[in-house]
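Residue numbers (my numbering): 7 to 74.
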């Protein structure tokens, strides 16, 4: 698993890309490069929660906009 994570870090460092979250919101996938694995997992969890919150907010706004 560590080797897989390392290769992922290397790939993200060499080929950074933005992941669409909702509308014009983007989060760069290489934001955790250069930190130890414990910190990386914490940052990953925060990013996942943030993405989920943004997607939920966008979904609620879209549903509200359609109803009105």
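The beta-carbon is built from N, C-alpha and C at its ideal position, and this holds for glycine as well.
Original post:
Buried or exposed: where does residue 58 fall if 16 or more other Cβ atoms within 10 Å of its Cβ makes it buried?
Top reply: When all chains shown are included, residue 58 counts as exposed.
Original post:
What is the rounded straight-line gap between the Cα of residue 45 and the Cα of residue 69?
Top reply: Between residue 45 and residue 69, the C-alpha separation is close to 36 Å.
Original post:
Any idea what DSSP makes of residue 42, helix, strand or coil?
Top reply: Coil, per DSSP.
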